[in-house]
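Numbering-wise (my numbering), the sequence shown opens with residue 1177 and increments by one.
Just so you know, even glycine gets a beta-carbon here, dropped at the ideal spot from N, CA and C.
Just so you know, these numbers come straight off a predicted model, no measurement behind them.
As structure tokens, the structure follows; a few thoughts come after it.
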Amino acid sequence: MLGKNSTTDPKKLIERAKAGDSEAFETLYLLYLAPLYRYVYFRVLSKEEAEDLVQSVFLKVYRSLPNYRQQGKEPLAFFYTVARNAIIDYQRKKRELLGDTGDVIEQIADEESEVFTALIPDRYQQGAIREALLQLSDDQREVVLMKFMQDMDYAEIASAMDKSEVAVRQIQSRALKALRSILAKYNDGE
């Protein structure tokens, strides 16, 4: 990410954007587009849906700028909170349309997921990790993705998920313990 000078410091950029500076919002867009896309993509596993959701996230953030208060939080956490809510709404609507969560699970298990394949080239490992992630709770999966795929720190994750840092650490600990157990069974051929 870019250095924190006056033109790329997210806190200053968001204040300038609130004041109507479109260049400041454009800079925020450029700073956060890639990490938000990765986060959303790994939750919906569809390039087109991820692109649409990320655009809606930026639109929602832009529209909510007049009411935004930093309260010591990093702007990235605000963007992730909006993204998380957009994903929840998307998944709820999809479930209502499908009447089942089967398609979401099938998408995660799809061996042709381009981003997943690029990150984990070994097909055996891809399958094991997909299966293991599917067995985690939504919160556990979200913490794992934010921490290890997005490289977010505990404070950012806590803010994005509206939880305490202690809770995020506990969720991560339980998730990693569950992943070790699941992957050990997978490696033993069970």
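Buried or exposed: which applies to residue i, given that a residue is buried once 16 or more other Cβ atoms fall within 10 Å of its Cβ?
i, result
"Glu1288", "Reliability of the predicted coordinates at Glu1288 is poor, the pLDDT of 40 falling under 50, and no value is obtained from them."
"Leu1312", "buried"
"Thr1183", "exposed"
"Phe1324", "exposed"
"Gln1316", "buried"
"Ala1351", "buried"
"Leu1309", "buried"
"Leu1206", "exposed"
"Gln1346", "exposed"
"Leu1321", "buried"
"Glu1224", "exposed"
The alpha helix (DSSP H) that contains residue i, what's its start and end?
i, result
"Gln1231", "Lys1223 to Ser1240"
"Phe1201", "Ser1198 to Val1220"
"Leu1321", "Premise fails: Leu1321 is in no alpha helix (DSSP H) and is neither H nor E."
"Met1328", "Per DSSP, Met1328 belongs to no alpha helix (DSSP H) and is neither H nor E."
Taking Cβ to Cβ, would you say residue i is nearer than 7 Å to residue j?
i, j, result
"Val1342", "Ile1333", "no"
"Ala1210", "Phe1201", "no"
"Ala1253", "Ser1335", "yes"
"Ala1226", "Val1237", "no"
"Ile1263", "Arg1219", "yes"
Contained alpha helix (DSSP H) runs [length at least 4] in the stretch 1242-1275, N- to C-terminal order: 1251-1274
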